[in-house]
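Visitor: Residue numbers (this note's numbering), protein chains in the order written: chain L, 84 to 279; chain A, -19 to 89. Quick one: structure below, then a few questions.
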Amino acid sequence: MKTDSQCLERTAAWGFESVLKPAGAISKMESDREAAQARASFWTKLVPCKSRLYNYIHKSLNFSTDADDVYQETVLHAFQYIRSYREGKEFGAWLFGIAHNEIKKHYKKIPKSAAPADLERLSSADTSPARHLIGEVFRYAERLKPRHREVFFLFYDGGFTIAEISKITGLQEGNIKFILNQARAALKKVLGESHE
Amino acid sequence: MNDEQKLDERIARLVRGIELEVPPALEAKIREATAGIRPHAERFRLSKPFWLAMIPSAAAALLTVLALLPPSPQPPSSIAEIRTEFEIADKNIKIIFFQKPDFNLFKEN
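Have a look at this one:
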């Protein structure tokens, strides 16, 4: 009667070495393939959101010099936990949720953000009055509490709905409406009645 | 379209008046960093074994059960002796009776 080791030896001698790969090696290959797929899928999903995400982080941090680091941390964390993202759900909201946590972490480390950036330089508006108004809006946002500022930019810059902002930030919808109403009231005064 | 929506649109336009692009150097740096990282396989990965995380919960459950249990009734203790004292103050007399379980009232000597 042939033993298992004899069988293996004979099979190897016939040139079937490749068939005799241990189960661990096969599962590693599959895991590598899955990782490569996850990597490719992640970058495909990120492309439409990355500019919006970059702007959200920069604006929420008052154009701080640390914003690039926060953006990098956000993308790396999202990449690491891409498998926790459920297909069919909005990728943007999932990604901005991670960004929100990273911004919170940043404010825990550095409670006060750096000096405000030169808004006039950053503005893409051609006319001087428009630049002035943009400056007014950002100066208002700069005075807000960090959490309120995030809500403000998620709504006006990110274009998220109140329900989505609630999921991203964990705030109640009523609180978000209150923050937005305060912003409307304050900016209505600043922008004047010319919004009609 | 009501006033609030118009105002929202105007604010949104002004907010989007400043648009930043992701610097190519930063993007390249992030792509390079992700090349060395593997996405986590599990949805949530615990840093410690699962059973270790269960120990405090089990201890808390045990304490709750112990706290909720009614106290066990104690068995009635047997009386060792009954002591009765009488004192006649003006005569300076004190009479003490001891009743013991082995005392037999009708015992004949």
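Glycine included, C-beta positions come from ideal geometry on N, C-alpha and C.
Am I right that Leu274 (chain L) and Leu216 (chain L) are in contact with their C-beta atoms under 8 Å? What's the rounded C-beta distance?
Guide: About 6 Å; that satisfies the 8 Å criterion.
Visitor: May I ask you to list, following chain order, the residues of the region 6 to 18 of chain A that have a beta carbon less than 9 Å from some beta carbon of chain L?
Guide: The residues in question are Leu6, Glu7, Lys9, Ile10, Arg11, Ala13, Thr14, Ala15, Ile17, Arg18.
Visitor: To the nearest angstrom, report how far apart Arg122 (chain L) and Ala13 (chain A) are at their CA atoms.
Guide: Cα to Cα, the separation comes out at about 12 Å.
Visitor: Since Ile(-9) (chain A) meets chain L, which of its residues come closer than 7 Å, beta carbon to beta carbon?
Guide: Val220, Tyr239, Leu270, listed in chain order.
Visitor: From the beta carbon of Asp149 (chain L), is the nearest beta carbon of chain A less than 8 Å away?
Guide: Output row for Asp149 (chain L): interface = no.
Visitor: With a cut-off of 8 Å, do at least 3 Cβ pairs link the region 171 to 191 of chain L to the region 227 to 242 of chain L?
Guide: Touching, per the Cβ criterion.
Visitor: Tell me which residue opens and which closes the beta strand (DSSP E) that Phe78 (chain A) is part of.
Guide: Unbroken beta strand (DSSP E) run through Phe78 (chain A): 73 to 79.
Visitor: Can the beta-carbon of Tyr239 (chain L) be found closer than 8 Å to that of Val(-5) (chain A)?
Guide: Yes, they are a contact pair.
Visitor: How should Arg63 (chain A) be labelled, buried or exposed, when 16 other C-beta atoms within 10 angstroms of its C-beta is the threshold for buried?
Guide: With fewer than 16 other Cβ atoms within 10 Å, it is exposed.
Visitor: Taking only beta-carbon positions, decide if Leu144 (chain L) is within less than 8 Å of chain A.
Guide: Judged by the 8 Å Cβ criterion, Leu144 (chain L) is not in contact with chain A.
Visitor: Give the straight-line distance between the Cα atoms of Phe66 (chain A) and Ile76 (chain A), rounded to the nearest whole angstrom.
Guide: The straight-line gap from Cα to Cα measures roughly 6 Å.
Visitor: State yes or no: is the beta carbon of Leu49 (chain A) nearer than 8 Å to at least one beta carbon in chain L?
Guide: No, its Cβ sits nowhere closer than 8 Å to a Cβ of chain L.
Visitor: Measure the C-alpha to C-alpha separation of Glu7 (chain A) and Val153 (chain L) and round it to an integer number of angstroms.
Guide: Rounded to the nearest angstrom, the two C-alpha atoms are 13 Å apart.
Visitor: Measure the C-alpha to C-alpha separation of Glu(-16) (chain A) and Phe221 (chain L) and round it to an integer number of angstroms.
Guide: Taking the straight line joining both Cα atoms gives about 19 Å.
Visitor: Just how far apart, CA to CA, sit Gly242 (chain L) and Ala118 (chain L)?
Guide: Approximately 32 Å, taken between the alpha carbons.
Visitor: Under 8 Å, with one C-beta from each stretch per pair, do the region 40 to 48 of chain A and the region 141 to 150 of chain L reach the 3-pair mark?
Guide: The region 40 to 48 of chain A is not in contact with the region 141 to 150 of chain L.
Visitor: Cys132 (chain L) and Gly175 (chain L) look like a contact to me (Cβ under 8 Å); what is the Cβ gap, rounded to whole Å?
Guide: That belief holds up - the Cβ atoms of Cys132 (chain L) and Gly175 (chain L) are roughly 5 Å apart, short of 8 Å.
Visitor: Determine whether the Cβ of Ile217 (chain L) lies closer than 8 Å to any Cβ atom of chain A.
Guide: Closer than 8 Å to some Cβ of chain A, the Cβ of Ile217 (chain L) qualifies, so yes.
Visitor: At least one CB of chain L closer than 8 Å to the CB of Ile(-2) (chain A): is that the case?
Guide: Closer than 8 Å: yes.
Visitor: When you compare the CB positions of Ile17 (chain A) and Gln163 (chain L), do they come within less than 8 Å of one another, or not?
Guide: Cβ atoms of Ile17 (chain A) and Gln163 (chain L): closer than 8 Å.
Visitor: Going by C-alpha distance, which of L:Arg166, L:Leu263, L:Trp126, L:Glu156 is nearest Ala224 (chain L)?
Guide: Of L:Arg166, L:Leu263, L:Trp126, L:Glu156, the residue nearest in Cα terms is L:Leu263.
Visitor: Just verifying my parser: in three-state terms, what is the DSSP assignment at Phe66 (chain A)?
Guide: Phe66 (chain A) falls in the strand class under three-state DSSP.
Visitor: With DSSP run on the structure shown, which of helix, strand or coil describes Pro4 (chain A)?
Guide: Pro4 (chain A) falls in the helix class under three-state DSSP.
Visitor: Inspect the beta-carbon positions of His183 (chain L) and Glu256 (chain L) and report whether they are closer than 8 Å.
Guide: Not a contact, by the Cβ cut-off of 8 Å.
Visitor: Output yes or no for whether 8 Å exceeds the beta carbon distance between Leu0 (chain A) and Tyr137 (chain L).
Guide: Against a cut-off of 8 Å, the Cβ pair of Tyr137 (chain L) and Leu0 (chain A) comes out as a contact.
Visitor: DSSP three-state call for Ser134 (chain L): helix, strand or coil?
Guide: Helix.
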